[in-house]
Each structure stands twice: as C-alpha cells, then as structure tokens.
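Some notes on the structure that comes next.
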Amino acid sequence: MGRPLLPAYVLSAVAVVAAILGSLVIFETASIKLTVPASRIVANKTLKGGPSGADIATTRIQADVTDSEHGTTASAPVPPTYATGEVVFACSACTSGTTTIPNGTMVSTAAHTHYATQGSADLTPQQKTVTVPIRAVLPGLPGNTAANTVTVIDKPITNVTVQNPKPIAGGAEAGVAQVVQQSDLDRVRAELMAKIVVDLNATLTAQAGGLSFVIDGQPTINVTSDHAVGDRVATFTMTMSATQGAIAFSSAQADALMRTALDQKIPKGFTLTPDPVETSYQLQKTSVNGDVTIKGAAIGVVVPNITVSQLKSRIKGLRVDVARHQLEQVAPGVIADITVRPAVPWLPVLQDHITLTIVREPVTV
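If you're matching positions, the sequence shown starts at 0 in numbering that gives the first Met the number 0 and goes up one per residue.
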C-alpha cells in the first residue's frame, strides 16, 4: 500500500527544488566593484609657426615694464671714515724746470690737522696750478674743515703754496648708524623681481589679445639704486626695468593638433578619461623672418575601454571564481570584488540583478 506514494514524494521534492531555484533566480543579487588602473600618456609634437605658419599662425609680442620700490636700512656698527677733498697747489715764481708734488705730500691747517695727497702732480711754467685730492691722516670728525683752511705744506716747497677752495668733508666717528647693506639691496631686488614678473605677464597677456603665448628667452633686466652699499641713509629707492619677448598663438588651434597626437598614443583596448588633457608649450627656435618652432606636450589619462553592460552580459550566470578571473583579465591591474546574496557560488542569470561599479584608481605615471 505504501509503495505507490514514492513517486509522489519525488515529484514533491523536485517541485520544492524548482521553487527554490526559481526564487534564487528572482531574488539573487550580486554587487561587484571593479577597480581599474589609470595611467598617464604623453605625446610630444613639434609645431611650426610664423605669420603664415605650416601648423599654427604666430605673432611676436613684447612687454616693457618699469617698477620702483623703496627700501629701509637697519642700524649697524660703522667704522670711522676719513675726511676727503681737494687742494690746489700754485707756484708764484715758477722756475724753468718742473716742480713735482709727490704722492703722499703732507699738508695741514693752522690748527695742525694733517692731510696726505692721494696722487702726484707737476707744476711747470706753463701750468702754474694743479688740483690734487687729499685725505685726512686720521679718521673722524676732526678731519672736516672749512674752505681755505688747508694752507700749510708740512715740508715747504720753494715758491709753492696750497689752499683748499672747497670744504674738506666726510669724516665721521665710529658708531651705530643706518647704513645700506647688501642684504637690504637684495631684499628690495627680490621684491621688485616678483612685481616685474607679474607685470610682464599681465602686459604680455594684454598684448596677446586672447591668444596664448610662450616666452622667448629670459627677460632683459636693468637695475639702478640711488644709494650703494655703505651709504649712511635711512631709505633708498631701487628701480627695475625689464623687457620680455614672447610668441602669441591660438591655443585652440595648437591644442587640436596636440589632441590628435595624443590620440595616436592611446594603447589598444584603452580610452581617454573625461579628465581635461593637459597641454604645455615651449619655444625652441626663432628665425629672423618670423618663423618659429614650438615644442608641444600633451598629457592625458587612460583606462581600460570597458562598459558596465558589456561586462555584466559576459559574466551573468558564471561561477563567482570564473567571473572574477574573467573580470581581472580585462586589463593588467584590474581587481574584482564580488558579493552575492544569498551566498551562492554563482552569479545571477538575470543581468539586471548584477550591480557593477567601476572605480578608477589614482593615476600612476
């Protein structure tokens, strides 16, 4: 009596399994994160330019700018300085020969402030007066004296007199004073250079009139200062003038050529990402007739050329390990992270039950 019931049990078990499998088909989902590497590619291209250039039209522009900057000096120990000036030697009854005033001849005031000549000179019947520079023997304020006070030749010379038509000045005592130092000039020069660079770029940009430009060599720079190192002043003014040439061109025209060159560098099976293509240009050579050679470089980012729908169609229904292997064979460096719910060893057979996200790794050089 019990044996006829066995087929019924088998049929019931088959129905249960079919129901379970059917529910798996309906309710099974898979989440896949596919990490793909990204890398840079570079294309270099030489562009020929000129007024009617073979690749791009170019024109020469030039910026001329001048900036001034005031600097302040700091207090610093200063040594004493020597008073200096000039005296005039004259002969009242010159002989027929030459009277030489040797270098180092000592002259002085009635108050016995002494000076030494800083060069030699000759008196002759034809040249009865000569002007010679002098310097105080001792540094400091005592060396300063009014005009017409240096009247003594310490070792008298026959028929020769001496006098200073102008004051002897410049003697100062040691102490602390505001003095121009090299570091003061260097600081103001650096500040001026920063301003000049900005002004040159702004002037060139205005002259380019919407075009891009590449610099033609280093700027010509001229620097002047109203005071030098060692001058005892509180402030000084430095002026810098600069001239910079450049070659202007259409970046859209050049970028299009560089994009074509970059497309030719894309490896098979890869595609450019939406990231902007970086372009840069450098002037290589100019000629007297206006023709120029510009070196262009373009940098783009590429990833494996894959789409979500293609991958999902390829792996649906596969065992998880097989699907992972296939995904990671798409391109070198690809990593597949697969999660299936409920936890069964195969992927859903329904493509829309698979969620696949492509994650791009940071760019590597």
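Just so you know, even glycine gets a beta-carbon here, dropped at the ideal spot from N, CA and C. On a predicted model such as this, the values are computed, not experimentally measured, just so you know.
With 16 or more other Cβ atoms from the protein chains shown falling within 10 Å of its own Cβ, K311 counts as buried. Sequence-distant partners of D230 (beyond 5 residues in either direction) whose C-beta falls short of 8 Å from its own C-beta, in its chain, are V178 and V179.
Contact annotation: the stretch 328-345 does not touch the stretch 250-262, with fewer than three C-beta pairs closer than 8 Å. Pairwise C-beta distances place the stretch 47-60 in contact with the stretch 284-298, as three or more of them are shorter than 8 Å. DSSP places L271 in the uninterrupted beta strand (DSSP E) bounded by F269 to L271. Per DSSP, reduced to three states, the secondary structure at S286 is coil, with no helix or strand assignment.
Within the same chain, T242 come within 6 Å of D63 by CB-CB distance, once the 5 residues on both sides are set aside.
With respect to Q126, N147 sits apart: the two C-beta atoms are not nearer than 9 Å. C-alpha of K294 to C-alpha of T354: approximately 46 Å in a straight line.
By the Cβ-count criterion, V159 is buried, with 16 or more other Cβ atoms from all chains shown falling within 10 Å of its own Cβ.
For K264, same chain residues with a beta-carbon under 6 Å away, outside a window of 5 residues either side, are I40 and A42 in chain order. Per DSSP, the continuous alpha helix (DSSP H) segment holding R323 begins and ends at V319 to E327. With respect to A120, V106 sits apart: the two C-beta atoms are not nearer than 9 Å.
Under DSSP, V276 takes part in no beta bridge, so it has no partner. Contact between I337 and V319 holds, since their C-beta atoms are separated by about 5 Å, short of 8 Å.
Under the 10 Å beta carbon count, G70 is surrounded by 16 or more other beta carbons and is classified as buried.
The three-state reading of DSSP puts G118 in coil, since its state is none of H, G, I, E or B. The beta strand (DSSP E) runs of length 3 or more contained entirely in the stretch 174-233 are, from start to end of the chain, 174-178 and 211-224.
Sorting V333, R313 and V222 by C-alpha distance to the C-alpha of Q350 places R313 at the top. By the CB criterion at 9 Å, T112 and G142 fall inside the cutoff. Per the C-alpha coordinates, the member of V362, T72 and T285 positioned closest to Q181 is T72.
For S308, the enclosing alpha helix (DSSP H) starts and ends at V307 to I314. Annotation for A233: T71, T72 and Q177 place their beta carbon closer than 8 Å to its own, counting only its chain and skipping 5 residues before and after. Spanning the alpha carbons of V348 and A29 requires a straight line of approximately 10 Å. K315 and T259 have their C-alpha atoms roughly 38 Å apart.
With fewer than 16 other Cβ atoms from the protein chains shown falling within 10 Å of its own Cβ, D185 counts as exposed. For L46, the enclosing beta strand (DSSP E) has its first and last residue at T28 to G49. Looking at the backbone, the Cα of D215 and that of S67 are separated by about 25 Å. Excluding the 5 residues flanking it on each side, E172 has same chain C-beta neighbours closer than 7 Å at P79, G139 and L140, in chain order.
Of the residues assessed, D153 falls on the exposed side of the cut-off, its CB having fewer than 16 other CB atoms within 10 angstroms. Runs of the alpha helix (DSSP H) spanning 4 or more residues and lying entirely within the stretch 79-159 do not occur at all.
Taken through DSSP and simplified to helix, strand or coil, S67 comes out as strand.
According to DSSP, residue pairing for I357 in a beta bridge involves L33.
Following the DSSP letters along the chain, one finds A255 inside the alpha helix (DSSP H) bounded by residues S250 to D262. Ranked by Cα distance from S240, the options K194, E27 and V175 are led by K194. According to the DSSP assignment, D336 belongs to the beta strand (DSSP E) that extends over I334 to R340.
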